[in-house]
Structure formats: structure tokens, C-alpha cells
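Chemist: Quick one: this structure, given as C-alpha cells, is what I'll be asking you about.
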Amino acid sequence: MHQRKTRPNTNKGKEKRQQRKEEAARIAVSQDLVNKANNQEDPLLAFPVFRKFDKNDLTVTLECKRSQNVDPAILDWAFQLLKENMQAYYEDCEWGWSDKEKREEMVDDMAWLLVAQRTSDDQPVAFSLFRFDLDYGDEVLYCALVPTMSEHFDQSQELHHCKVQLIEAMRSVLLPTSYELQLCQDVRRKGLGKFMLQLLELLAFSVHMKKVILTVLKHNPEAVAFFTALNYKVDETSPEDNIVEQYHYQILSKMNKRLLASQINN
339 MHQRKTRPNT NKGKEKRQQR KEEAARIAVS QDLVNKANNQ EDPLLAFPVF RKFDKNDLTV
399 TLECKRSQNV DPAILDWAFQ LLKENMQAYY EDCEWGWSDK EKREEMVDDM AWLLVAQRTS
459 DDQPVAFSLF RFDLDYGDEV LYCALVPTMS EHFDQSQELH HCKVQLIEAM RSVLLPTSYE
519 LQLCQDVRRK GLGKFMLQLL ELLAFSVHMK KVILTVLKHN PEAVAFFTAL NYKVDETSPE
579 DNIVEQYHYQ ILSKMNKRLL ASQINN
């Protein structure tokens, strides 16, 4: 008597293929949003009122350009300010500091520079280096100390298999080493940093980015307190300390609540 062969269950295979197809389609939509954001001539064009900050005896004008179109003298100033403010913090952790890498980041093809110049002497006093990009397939605006995907991609996270495959394929092109929000010492505690970060949120959410994402070093408590006070939360992609490894940074984010609400309603 012959035993009947069991037919392989193809439902699971079909289900996985369908999930991969749906995830690929979703990421394609997100990439299209990122492309449109990056195709802007000037993200500030629609928000002329935010081109000026006047508060606490400080008046500045703000300008936003692709970093490759920024005056080289401004780029050099931004690098020197970054080095002055952050080199010691970098050297106190495993990231280390590299002049060459930091300068290269400033002229990355996808980098934008938001610069604040004091009106009294036309001197730059603050900047944010940021970019519109994808993170785990989500459309986001990055600013301030964002590590490479390989640094914060945790293989132990319970991600769906299809999403892991897609992210693995994109991992090498998603992120730069770090992006920044930096102020000169004499313009701090005047509200300018808060204003610039909220402006970045406006620029992000107005072009339908899902969230603003950034990374803070744990041994920089002032930065942690600053972002926490502005309602940034630990992002789901932030690595968690464990017995084997303790991380020197946290990934924080602020969600586009209006976008999330519309998605829920739909």
C-alpha cells in the first residue's frame, strides 16, 4: 500500500511573497517622498517668516542650501565650530574623530546646511547639517549625530523577514556617519537652538517626512536634556544596552503626528 505524499503548503510562501511585494511598494512610496524633498530649490521658500530669529538680544537671518552650493568659507567655519564643540566628545567614545571624514560629510551629495547669521556683523553663529533620507524604509529628516546604519542596525530585533531582506539590500546607501546642530558659545541659551530644531521639524513635516531622527551621545548630558525637553523620545531603532555590549549613544526621534493621525483615519 502506497503512502500518499503530502503536498507542500504553498500558502506560507505566497504570503511571504505578498508581504515582500507590499513592503517594496511602501518603500518605493517613501523613496518618492524623499526624492521630492531633495528636489526643492530652497526648503525655506514656503516659510519666509522663519528666515529671521529676533529674541533675547539676538537677531539672526537663516538660509538653507545644499551644502555643495554653500560658500566654502561658511563650510570651513562650520567645520571648525563642529570640531571645537564635538571633537572631545567623539574622542571619549569608540567613534573617534577624523577631520577628513567630517569635511567629506559636509559636502555629501544629499547634505543640506541651515545657517544662522547674526545681522549686526553678518557672522555665522549656528548651523544644522541635515538630510532627507530613508531609515528602515521610512522617510525621515536626519539632524545631529546620526551613526551609520551598520552601527545601529540590531540583528536581534524581531523584524519581519521580508523587511530585513529589503533593508539589508539598502543598508550601504542609507546614512552618513553623523549630522549636526551646532551653536557658537555666545549665542546659546537664547532660544536659537530650539528655534532651529523646530524649523527643521517644520521643513520635515511639510514634505510628509514620517519623523525627525537624531542621535545623542550619552556622555553629553546637556544635549540629552535639550532634546528631551523638546519631546524627543527614544526611537524604536535605538540599541539597548545588554550584558555583552553597552552603547555610548541613543537614537531619538519626533514623529509627524499629523501624518500618523491621517494614516490611522484612513
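In this text, residue positions in the sequence shown follow this note's numbering: the first is 339, and each later residue adds one. We put the CB at the ideal spot given by N, CA and C, even for glycine.
Can you give the Cα-Cα distance for proline 514 and glutamate 353, rounded to whole angstroms?
Modeler: Because the pLDDT at proline 514 is just 29, under 50, the model does not fix this residue reliably, and the value given afterwards should be weighed accordingly. If you take the alpha carbons of proline 514 and glutamate 353, they lie about 34 Å apart.
Chemist: In this structure, does DSSP put aspartate 573 in helix, strand or coil?
Modeler: Here DSSP, grouped into helix, strand and coil, assigns aspartate 573 to coil.
Chemist: Is the beta carbon of leucine 530 closer than 7 Å to that of cysteine 481?
Modeler: no
Chemist: Using a 10 Å radius around the Cβ and a threshold of 16 neighbouring Cβ atoms, would you call valine 525 buried or exposed?
Modeler: By the neighbour-count rule (16 or more Cβ atoms within 10 Å), valine 525 is buried.
Chemist: Measuring only the C-alpha atoms, how far is phenylalanine 491 from aspartate 579?
Modeler: Unreliable placement is indicated for phenylalanine 491, whose pLDDT of 37 sits below 50; the coordinate value is still reported in the next sentence. The alpha-carbon atoms of phenylalanine 491 and aspartate 579 are separated by roughly 14 Å.
Chemist: Give the C-beta separation of leucine 400 and alanine 454 to the nearest angstrom, bearing in mind that I take them to be a contact with Cβ-Cβ under 8 Å.
Modeler: 5 Å
Chemist: Can you tell me whether asparagine 569 is buried or exposed? The criterion is at least 16 other CB atoms within 10 Å of its CB, across all chains shown.
Modeler: The Cβ neighbour count for asparagine 569, taken over all protein chains shown within 10 Å, is under 16; the residue is labelled exposed.
Chemist: Look up aspartate 459 in the DSSP assignment and say whether it is helix, strand or coil.
Modeler: coil
Chemist: Taking aspartate 395 as the reference, which of Lys359, Arg456, Ile365 and Asn407 has the closest Cα?
Modeler: The option with the nearest alpha carbon to aspartate 395 is Arg456.
Chemist: DSSP three-state label for glutamate 422, please.
Modeler: helix
Chemist: Looking at leucine 472 and serine 405, is the spacing between their C-beta atoms short of 7 Å?
Modeler: Here serine 405 is not near leucine 472, since their CB atoms are 7 Å or more apart.
Chemist: Once the 5 residues before and after valine 445 are set aside, which same chain residues still bring their CB inside 8 Å of it?
Modeler: Ser405, Gln406 and Leu413
Chemist: Looking only at its own chain, which residues have a Cβ that is under 6 Å from the Cβ of phenylalanine 470, when we skip the five neighbours before and after it?
Modeler: Val372, Ala375, Asn376 and Leu479
Chemist: So if DSSP puts arginine 404 in a beta bridge, which residue, or which two residues, is it bridged to?
Modeler: Trp450
Chemist: Within 10 angstroms of the Cβ of glycine 475, are there 16 or more other Cβ atoms? Answer buried if so, exposed if not.
Modeler: buried
Chemist: Applying the 10 Å Cβ sphere with the 16-neighbour rule, what's the burial state of leucine 521?
Modeler: buried
Chemist: Report the residue from Glu442, Leu597 and Ala384 whose alpha carbon sits nearest the alpha carbon of methionine 547.
Modeler: Leu597
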